[in-house]
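Read through the structure below, which is laid out as structure tokens, and then see the notes.
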Amino acid sequence: MKNWLIFISVFIVSLSLVISILVLWKAEAPFRSIEQQAEQLALDAKTLAIVTESYTYNGKHSYVTVFGVDEYGDKKAVFVPTNLEEDSIQEVFLKDGITEKQALSVFKQEGNVQKVLHMKLGYEEPGAVWEITYLNAHDKLNYVYVLFEDGDWWKRMTNL
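The opening position of the sequence shown corresponds to residue 1 in UniProt numbering, with each subsequent residue numbered one higher.
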């Protein structure tokens with residue numbers, strides 16, 4: 001009887017683990033798919049020659065931010081809308097704005113930061129922005145948007 005209980009327990013734990021992994025893998029599939037399509041569109045539109053990284057940015061409109069190098073060797077960020085319209089692609093040269101580290105240093109002057117959750121370069125109404133998501137000293141979720149062009153504050157959403 002003891003062996004049956006051990007077998008059933010191990011089976012249920014194993015089954016739960018396999019189901020959890022499958023659910024997470026299936027949930028990631030749409031993001032991987034749209035990112036691959038956006039990368040290919042950036043290459044086909046000749047805005048980039050080499051792609052190094054991409055991720056999805058959700059603001060007022062959703063974009064896939066694709067980082068890479070153009071045919072002249074300049075590092076760029078290309079913002080491809082998730083509807084994959086080639087006419088709506090936006091781009092910035094990374095040398096023309098502040099870096100991730102510079103945006104973080106501007107942001108950390110705020111002083112009320114417990115933990116930075118993530119930073120993403122995205123595209124909003126004023127242009128390219130750094131979105132910084134963090135927890136403050138009271139464990140409240142906060143979003144800060146810093147303009148890529150000059151490091152000025154654009155928008156804050158605090159204590160969510």
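Just so you know, even glycine gets a beta-carbon here, dropped at the ideal spot from N, CA and C.
Identity of the residue in the options nearest residue i by Cα
i: Thr56; options: Arg156, Met119, Asp152; result: Met119
i: Gly59; options: Ala29, Thr82, Phe107; result: Thr82
i: Gln40; options: Ser20, Ala29, Val64, Lys26; result: Val64
i: His138; options: Val129, Gly127, Asn159, Gly122; result: Asn159
i: Asp152; options: Thr99, Gln90, Lys2; result: Thr99
i: residue 161; options: Val78, Ala27, His61; result: Since the displayed the chain opens at 1 and closes at 160, residue 161 lies outside it and no answer follows.
i: Phe148; options: Leu104, Leu117, Met157, Asn136; result: Leu104
i: Ala49; options: Asp70, Ile34, His61, Val129; result: Asp70
i: Ile34; options: His61, Lys26, Leu84, Ser16; result: Leu84
i: Phe93; options: Ser62, Lys115, Gly68; result: Gly68
C-alpha gap between residue i and residue j, whole angstroms
i: Ser9; j: Val18; result: 14 angstroms
i: Pro126; j: Asp96; result: 15 angstroms
i: Leu141; j: Ser88; result: 31 angstroms
i: Asn112; j: Asn136; result: 5 angstroms
i: Lys101; j: Glu86; result: 30 angstroms
i: Ser54; j: Met1; result: 53 angstroms
i: Ser62; j: Phe31; result: 12 angstroms
Enclosing beta strand (DSSP E) for residue i [first to last residue]
i: Gln90; result: 90–93
i: Glu131; result: 127–136
i: Glu85; result: It is not in any beta strand (DSSP E) - Glu85 carries neither H nor E in the DSSP assignment.
i: Lys115; result: 113–124
Beta-ladder partner(s) of residue i, from DSSP
i: Tyr57; result: Tyr63
i: Phe79; result: Thr65, Gln90
i: Trp153; result: Val146
i: Leu141; result: Leu135
Run of the alpha helix (DSSP H) containing residue i, from where it starts to where it stops
i: Leu5; result: 2–44
i: Glu71; result: Segment: none, Glu71 is in no alpha helix (DSSP H) and carries neither H nor E.
i: Gln102; result: 100–108
C-beta atoms of residue i and residue j nearer than 8 angstroms
i: Val106; j: Val146; result: yes
i: Val66; j: Ala38; result: yes
i: Leu117; j: Trp130; result: no
i: Tyr134; j: Gln90; result: no
i: Val80; j: Ala42; result: yes
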